[in-house]
Every structure is written in structure tokens, then in C-alpha cells.
Amino acid sequence: MKKRCLFSFYVVLVVFCVFIPMQIAAENPKYKDASVHDPSIIEVDNHYYIIGSHAAFAESSDLISWTQISTNVNNSKLFENIKEQLAEDFEFAKTDTLWASDIIQLKNGKYYLYYCLCEGSSPLSVLGVAVSDNIEGPYEKIESFLYSGTETQFGQTYDATKHPNVIDPHVFYDNDGKLWMVYGSYSGGIFILEMDEDTGLPIDRNTYGTHLGGGNHSRIEGPYIQYNKDTGYYYLFTSFGGLDTKGGYNIRVARSKNPDGPYEDMEGTLFSDVKGKYNTLFDDASIQDFGVKIIGNFAFDEKPNKNNGYVSPGHNSTLYHKDLNAYFLIFHTRFPQAGELHEVRVHQLHFLSNGWPVVSPTRYSGKLAESIDAKLLNGKYKAIIMDKLIVDNITLPKHIEIDNEIINGDVEGEIIKREGNEVNITLENGKEYSGLVFAEWDDLQQKEVINFSGLSQEGEPIYLIKVEE
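Counting the sequence shown from 1 gives a position; the numbering used here is that position plus 597.
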């Protein structure tokens, strides 16, 4: 990372108000964590389930206290006998486990589990669907309908630089009631298919679908699409980098007015143009400038540990809670000084006036973020200022103090208040940011604090958390 002598950025903070009487108090939330890699969430009667790789499964009534239902295929009850029902799939993919899965309830009331199996060191994979009357199963296999890694099932020779690795499915309804499945990991990139809601299978059985982005083995995976009725955009979330502690995993967003694209980032770059260079493997340098990055490696202490930071947060799903009128980001993360241990985290997701999402710096406590007047920004803060490099470095805090619109400390600048809650912040790196100011529970300080989450015009995240005077 190049060191810069000058910092200068301009921040417009758009503050919004929420009042939801059904929220629980944030004071001393009772967290109970679960371990589900690649968590995909579904809400059923005000109850929440997350399913992930290896048939890991967990449930919660409040998004903060999770009960682990299963951790692997051996103790999973999703199928009565998974080894028998998926025997041909295990044999094809040369594996004994499942990879990232997804569950959706279709309009007929039944639950459809989209599963995938992958050899792991190659894109030898299979993707299929099973159905149940109950969210917790047992599920009955309908059909495995996509294959990759050998002869292409559509009459072409499989090419791993342009054809997909058929894993990481997410199935969703668009705003017009059409059903889609987005999927893909590394290899030829991310693809999307229109689905038949009567069968749970693709409408066109002779194609991998529309290519959205990625290719040439670039490290982009875990696609998830969320529609926002207020902005009118579909948001495509993906994870860039490698999932382990050294992989620099991070979550990025692109958006489109259509579920099947084209998707672009804040600078107008088309996702369909983003891929590794020809004849390369895991060419992070060619993809790292793309996308709006909303979270990556960081810690709110100079001595990172499991309690104050995240390592390789990624492979997310999202939830729009209609009763709360709020969005949430659900992802797995590793931690500093904790090896490959991973747990699920839930953070609130906010949308700026320009329509781009930012994520709360602190985890959801059971109470929604509360808007804060700009004049209350005075005080001392820890600042996390990230870039887009796909590296294993942990972004550490810079210490700043805001006093009468002047910023001093590790990063200097000034705040110019405009039109009440809008704020202009000038630091010295020439970056322009938009962000939101709100109060949320901070588990480290064991109290509600002022937070700020913003984005540069290049799509780089910045977080501020107020600390004791």
C-alpha cells in the first residue's frame, strides 16, 4: 500500500430518522453465535434460518441469538438420508459434503433447497434442487440440473475461463414476480438464469444463462441479489478474494435497474467487463478496483483480536425486514488471532441518498440505528479508512478529534455543516465520501455510541466510532 502524505476528503452525511416501536432495547444484548459458512438467510413467520456450506443450519427469533441446528452433512436432518438421495451427485463431484446452499419459499408454499457439490480444487460441480413442506425438512430431491468441470452439458467443450463453476446459488423473486437464480464462483464468473416457479428449475434448459461478470479464474463468488423498492435498483453483492485468513475476502456491491443486468459500480464500470487477464489464475490486481466495497479486514484496536475486529468477512446474504423497514447484511467472518474459526455476524445495512449501501460498523444489537444531529459529532473517534486492495492486511484505527468543525489527530481536516443534518468533511487525501451518522450499541464499550459509515466516490468504505473523552 502506498503511503500518502496528503489526505483530503469531502463527506456528505445524509441522516435519516426511524421510529419502530417493536424494537427491543440495545442495552447489553444477549448474543449467541453460530458457525455457518456462506450463510443464506430466509425469514419464516418472524423466525430466521441460515443455511450454508456443509449443510450447516441455524435459527433465531431476533437475529442476535442463534441456535445451531447442524454443523455438517453427518448431523444434518435436512434430508432423511442425504448420502442416498444425492449419491450420484457425491460421486460426480468427487466429494463427501455440500457447498453453499440457499432456501426459498415459492408461491405454492413449499420450500425449495438449492444445493451444490464441488470437488474443491477444480470446478467439477453439480447444482440441484430439493423440496419440502417444512423449512427444516426433510427435503426430497427433485433434480440436479447444472453440471460443470467436464464436458459441458449443453453440447460445448467446458472452458473454465468462460463457463461457470455451478455453485453458490441464490434464488429470488424480482419486483415483477419473476423467479431468478444467480450463481457462480471463480472460473468463468457469475451467471443468472430465469427460473420456472412451478418446477423450481430453469425455464431454458439449454444454457448456463446470462453472464453478469467475472471470468478467467478471477476470485469473485457468493452472488446475492437484493432489490430496494425505494431506489429502484437491484444490488448484486459478491465476495472478492480468498475466503481464508490470508485471502483478503471482502464484500462488494454493483447495481442495475434489471435483475439480469447489466450491473455497474459507483464509477460506472460494467461488471461484465471485470475479469482476470488472459491465461492467469487468481489475478486480483485486475479486479480489485471494481465494485463498491462495504466491508473488509479491520479492527477497532491497535492490537487486533477476536473481540475487536474481522478477518475475511464475506459470502453474505441480505434481509429486508418489512415490519422494521430495515435492511440487514448477514455474513460469515474470521477474526484476528483466531485462525480459521468463523462465525455469523449480522449488521444493519443503510442506503445513502445516492442509492449506494453502507454497513453499520458495529453488529446489530436488536435495536435499529437512530439518527444523530450533526452538531453532536464533536468528540474523539476511532477511524477506519479502507482501500480496495485484496490483501490480508488488517486496517487499524486512526485517532481523530472533532472540535467545532475542526478535525485533528492522525488525520486532519474540517467539517462544514450544511442544511442541518448534511455535513461536509475535508481531510487531506482528496477523497470525497458520502455517509450516515447514527447511534448504535458498541459491544466493546458496552454502551450506545455515535457511529459513521460512508463511501468514497471510488467505492471505498470509512467507519468512525466515538470513544470516551
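Backbone N, C-alpha and C fix where the C-beta goes; we use that ideal spot for every residue, glycine too. On a predicted model such as this, the values are computed, not experimentally measured, just so you know.
- If you look at residue 686, you'll find it in the alpha helix (DSSP H) that goes 684–690.
- Here residue 911 is near residue 929, since their CB atoms are less than 8 Å apart.
- Cβ-Cβ distances below 7 Å link residue 821 to 767, 834, 913, 914 and 915 in the same chain, with the five nearest sequence neighbours on each side left out; the list follows chain order.
- For residue 776 against residue 792, the beta-carbon gap comes to about 4 Å, under 8 Å, which counts as contact.
- Residue 685 is classed as exposed because its beta carbon has fewer than 16 other beta carbons within 10 Å across all chains shown.
- Going by C-alpha positions, residue 817 is about 33 Å away from residue 920.
- In this structure, DSSP gives residue 985 a state outside helix and strand, which the three-state scheme calls coil.
- DSSP, reduced to helix, strand and coil, places residue 673 outside both helices and strands of the structure shown, so it counts as coil.
- Counting C-beta atoms within 10 angstroms of its own C-beta, residue 1039 has 16 or more neighbours from the protein chains shown and is therefore classed as buried.
- Boundaries of the beta strand (DSSP E) harbouring residue 1037: 1028–1039, taken from the DSSP string.
- By the C-beta density criterion, residue 802 is exposed, having fewer than 16 other C-beta atoms within 10 angstroms.
- According to the DSSP assignment, residue 778 belongs to the beta strand (DSSP E) that extends over 776–780.
- Contact between residue 655 and residue 666 holds, with the beta-carbon distance rounding to 6 Å and staying under 8 Å.
- Take the alpha-carbon of residue 840 and the one of residue 1001: they are about 43 Å apart.
- With contact defined as three or more Cβ pairs closer than 8 Å, the region 851–867 and the region 931–947 are not in contact.
- Residue environment for residue 1044: exposed (fewer than 16 other C-beta atoms within 10 angstroms of its C-beta).
- In this structure, the CA atom of residue 1048 is about 10 Å from the CA atom of residue 1032.
- From the listed residues 779, 812, 751 and 1062, the smallest Cα separation to residue 819 is found for 779.
- Look at residue 652 here: in three-state DSSP terms it is helix.
- Nearest to residue 922 by C-alpha distance, out of 991, 933 and 945, is 945.
- A residue is called buried when at least 16 other Cβ atoms come within 10 angstroms of its Cβ; residue 832 meets this threshold and is buried.
- Note that the region 948–957 does not touch the region 986–994; fewer than 3 beta-carbon pairs, one per stretch, sit closer than 8 Å.
- In the DSSP assignment, residue 958 falls outside any beta strand (DSSP E) and carries neither an H nor an E.
- If you look at residue 816, you'll find it isn't in any beta strand (DSSP E); DSSP assigns it neither H nor E.
- Partner residues in the beta bridge of residue 726, as assigned by DSSP, are 711 and 740.
- Secondary structure at residue 698: coil, using DSSP grouped into helix, strand and coil.
- With fewer than 16 other Cβ atoms inside 10 Å of its own Cβ, residue 627 counts as exposed.
- Contact between the region 647–654 and the region 930–937 is not established, with fewer than three Cβ pairs separated by less than 8 Å.
- When Cβ pairs closer than 8 Å are counted between the two stretches, the region 670–683 is seen to touch the region 731–748, the count reaching three or more.
- Between residue 996 and residue 844, the alpha-carbon positions lie close to 27 Å from each other.
- Spatial neighbours of residue 691 in its own chain (CB-CB distance under 8 Å, excluding positions within 5 residues in sequence) are listed in chain order as 716 and 721.
- Nearest in C-alpha terms to residue 731, of all of 725, 749, 748 and 705, is 705.
- Around the beta-carbon of residue 965, 16 or more other beta-carbon atoms lie within 10 Å, marking it buried.
- Of the residues 855, 660, 924 and 633, the one whose Cα lies closest to the Cα of residue 644 is 660.
- At the C-beta level, residue 824 and residue 772 come within 8 Å of one another.
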